[in-house]
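Taking it in order: structure first as structure tokens, then the write-up.
Residue numbers (our numbering), protein chains in the order written: chain A, 103 to 390; chain B, 103 to 390.
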């Protein structure tokens, strides 16, 4: 991994985890079962990419201070909630995530559904602390039927179907890119971005998010199960709509590389772009 | 039903439904399946008690204009989302609600989970239009583990257990009263309430909400299945934590009546209390 990125991960991940620990209800607080389930999934060892992007976007536009952390944590809670619900038997029916049994395998389906719901609500409670309703509106829009949920619905609908590149882009832009975009938008808005900055960072995140999901599709075929921390071949098994299925692995890799180049080009000059560029390089080269 | 209440229902329900229709994505908008599922449950014929309470609280503190309607609709979307998730096979496993098959029976479990998630997100998108982050924070808090979700978790945990009145109150205050409270708080805050007004209407709604859930428990034993629109005896079948189980039907009725008296007493003088009083009388005398 790139040195800049490694330093950023080493610095940010423990900080984000400290904030998450502070902001989540303690697991000995009643009702304990739900707090344990929430914490289990939040602390299952994510890369914290989305909160890092929110913090970096905040700084990129000149934001200062710690007020970005509750926003960044809110984004991570939303990401976690969506993973918990996606893993449910009625959805993708996944038993492992990040090398650990999924939430419903440990706490049962009812608690997993409710843990997702509670993380969803807590995210908005944290976002409300920004006192900026515009940020809340953007995030809410990104995770509804025009974003996260819409992507997941079509992802399930198109299982086992012939799919075009357009179909898969429709899913990936919503299922993955929308929350990448919301992360940088929330960060940039909290840091008082100019319109030009907001447009630039939005373009960057949209392309990065799409490329991220394409490399996810590729890793599901070529990746290493242990390094990846989840079942390999699960897309093939469920005959999911993926880029490799629509256009083949080589073409998928090409599209992801082009998106990464375009993402980098979207970044404004005279800004501290180095971490974003390192993130872009990580997304295209990642093995986990 | 009381004349004041009937007039209010006749006036507000169609208005709220018009707003809901305007604010929900059309069902021919892709992805159609999720929009159809959302609309199916939202328009399944609810009493719209919570949005009416939000609107009434707004007017009660002197609020004017239509800006309360998106807030009131957000509350109803949250209520609907919570019913959809509560009805799921992994939770209460209910097949009927308001005389219609439940969401997952019609659209499948995956779409029902996602329709709930999407209504949850859309509610916050609508609340964000108030430009008042404090309202958003209150509502988010009321539906997380300190409110709605917390109540549902303990409700499931205590199935089949011996329960005390305190146990059941813990559940009912969270599962039902919390959203009644959030409804009037959101309305009152949108109408710029004084602290005294906020305290009064909060006390009213907390007692009303608890009484409402107690009468719900009683109706599950003594009610008419058709009039009620859902299965009777479902609490007994699942050995749920209810007031009749903890203290018997007669004592439950007494407690509900006392709560209704106390609710009325919490209302400030020199305010237009008539609809709230009619609502309180409805809650204690209702047969559906």
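Even for Gly, the Cβ is constructed at its ideal location relative to N, Cα and C.
- Ranked by Cα distance from residue 183 of chain A, the options A:166, A:164, A:213 and A:155 are led by A:213.
- Distance from the CA atom of residue 305 of chain A to the CA atom of residue 365 of chain A, rounded to whole angstroms, is 7 Å.
- One alpha carbon belongs to residue 274 of chain A, the other to residue 375 of chain B, and they sit about 52 Å apart.
- Judged by DSSP secondary structure, residue 124 of chain A falls within the alpha helix (DSSP H) whose first and last residues are 105-125.
- Residue range 170-189 is occupied by the alpha helix (DSSP H) that includes residue 182 of chain A.
- Taking 7 Å as the CB threshold, residue 233 of chain B lines the interface with chain A.
- Taking residue 174 of chain B as reference, the option from B:355, B:324 and B:283 with the minimal CA-CA separation is B:283.
- Considering only A:244, A:199 and A:354, the residue with the shortest C-alpha distance to residue 324 of chain A is A:354.
- For residue 226 of chain B, the C-beta contacts it makes with chain A under 7 Å involve 226, 238 and 242, in order along the chain.
- With 16 or more other CB atoms across the displayed protein chains lying within 10 angstroms of its CB, residue 361 of chain A is buried.
- Below the 8 Å Cβ cutoff, chain B contributes no neighbours of residue 204 of chain A, its closest Cβ being approximately 14 Å away.
- In the three-state reduction of the DSSP assignment, residue 371 of chain B falls in the coil class.
- Close to residue 251 of chain A, with beta-carbon spacing below 8 Å, are these residues of chain B in chain order: 136, 216, 219, 220 and 223.
- For residue 133 of chain A, a Cβ of chain B is located within less than 7 Å of the residue's own Cβ.
- Annotation: residue 286 of chain B to residue 206 of chain A spans about 35 Å, alpha carbon to alpha carbon.
- For residue 195 of chain B, there is no enclosing alpha helix (DSSP H), since its DSSP letter is neither H nor E.
- Between the segment 141-150 of chain B and the segment 248-260 of chain A, the count of Cβ pairs shorter than 8 Å is below three; the stretches do not touch.
- Short of 8 Å from the beta carbon of residue 380 of chain B, and not among the five residues preceding or following it, lie these beta carbons of its own chain, in chain order: 104, 106, 107 and 110.
- Within the same chain, 313, 317, 358, 359 and 362 come within 8 Å of residue 386 of chain B by CB-CB distance, once the 5 residues on both sides are set aside.
- Contact of residue 246 of chain B with chain A by beta-carbon distance below 7 Å involves 220, 223, 224 and 227.
- Under the three-state reduction of DSSP output, residue 132 of chain B falls in the coil class, being neither helix nor strand.
- As DSSP reads the structure, residue 202 of chain B sits in a beta bridge with B:199.
- The DSSP assignment places 250-259 as complete runs of the alpha helix (DSSP H) inside the segment 238-266 of chain B, in order along the chain (cut-off: 4 residues).
- Relative to the Cα of residue 331 of chain A, the nearest Cα in the group A:389, A:186, A:281 and A:302 belongs to A:389.
- Closest in alpha carbon position to residue 251 of chain B, among B:279, B:226 and B:163, is B:279.
- For residue 345 of chain A, the enclosing alpha helix (DSSP H) begins and ends at 345-349.
- The DSSP-derived three-state label of residue 160 of chain A is helix.
- The C-beta of residue 234 of chain B has 16 or more other C-beta atoms within 10 Å across all chains shown, which makes the residue buried.
- Contacts with chain A at 7 Å (Cβ-Cβ) include residue 187 of chain B.
- By the Cβ rule, the segment 326-345 of chain A does not count as touching the segment 113-133 of chain B, because fewer than three pairs are nearer than 8 Å.
- Three or more pairs of CB atoms, one per stretch, sit closer than 8 Å, so the segment 239-247 of chain A contacts the segment 222-230 of chain B.
- Among the CB atoms of chain A, one or more fall inside 7 Å of the CB of residue 192 of chain B.
- Scanning A:219, A:328 and A:229 for the CA closest to the CA of residue 125 of chain A turns up A:229.
- Interface with chain A (7 Å Cβ-Cβ cutoff): residue 265 of chain B is excluded.
- With its beta carbon less than 7 Å from one in chain B, residue 256 of chain A belongs to the interface.
- Around the Cβ of residue 371 of chain B, a 10 Å sphere holds fewer than 16 other Cβ atoms; the residue is exposed.
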